[in-house]
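Residue numbers (our numbering): 8 to 146.
First the structure, in the form of structure tokens, and then the observations on it.
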Amino acid sequence: MKISTKGRYGLTIMIELARKYGDGPISLKQIARDNNLSEHYLEQLIAPLRNASLVKSVRGAYGGYMLTKAPHEITAGDVIRVLEGPITPVEGIENEEPAKQALWKRVRDAVKDVLDTTTLEDLKDHVDDQTQDAYMFYI
Numbered sequence: 008m009k010i011s012t013k014g015r016y017g018l019t020i021m022i023e024l025a026r027k028y029g030d031g032p033i034s035l036k037q038i039a040r041d042n043n044l045s046e047h048y049l050e051q052l053i054a055p056l057r058n059a060s061l062v063k064s065v066r067g068a069y070g071g072y073m074l075t076k077a078p079h080e081i082t083a084g085d086v087i088r089v090l091e092g093p094i095t096p097v098e099g100i101e102n103e104e105p106a107k108q109a110l111w112k113r114v115r116d117a118v119k120d121v122l123d124t125t126t127l128e129d130l131k132d133h134v135d136d137q138t139q140d141a142y143m144f145y146i
């Protein structure tokens, strides 16, 4: 399974909205500027997220988008399914031999588990656990 820019940028939108949750709406222009992304492309991605009731729009001079639920209630899987469709690493596994079918199902289930147990709260609060000195050698 390959996550396209739709899924990656869609998660970016949702993480940014999670970071600002409770502070009012945030514009796509600001998200695009802060993340060096195309505002036009983000506009295309926000519509399916709105249609799935993951975000709502607020009109007006100080308008923008907001999450419809708290960040801990929305998973990465929710976002990816809206933008990418079903989570399937391999198409047509029913034609595979049983051992390969079992393998692909385990891969699918592992990916689903990670996406469905990772919330926007987890993503917005993520701290990079790799240290800066990982490749620094001291003599």
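Every residue, glycine too, gets a C-beta built ideally from N, C-alpha and C.
On a predicted model such as this, the values are computed, not experimentally measured, just so you know.
### Query
Does DSSP classify L74 as helix, strand or coil?
Translated into the one-based positions of the sequence shown, residue 74 becomes position 67. Of the three classes helix, strand and coil, the one that applies to L74 here is strand, per DSSP.
### Query
Under the DSSP definition of a beta bridge, which residues are partnered with I20?
Looking up residue 20 in the sequence shown gives position 13. For I20, which the question treats as bridged, DSSP gives no partner whatsoever.
### Task
May I have a chain-ordered list of the alpha helix (DSSP H) segments no shorter than 4 residues that lie completely inside the segment 49-130?
83-91 and 105-124
### Message
Rounded to whole angstroms, what is the Cα-Cα separation between I10 and E91?
### Response
In the sequence shown, residue 10 corresponds to position 3, counting from 1. In the sequence shown, residue 91 corresponds to position 84, counting from 1. Answer to the nearest angstrom: the Cα atoms are 7 Å apart.
### Query
With C-beta atoms as the reference, is S45 less than 8 Å away from A54?
The sequence position of residue 45 within the sequence shown is 38, counting from 1. The sequence position of residue 54 within the sequence shown is 47, counting from 1. Result no, Cβ atoms of S45 and A54 do not sit closer than 8 Å.
### Three-way DSSP call (helix, strand, coil) for I33 in this model
Walking along the sequence shown from the start, residue 33 turns up at place 26. Here I33 sits in strand by DSSP.
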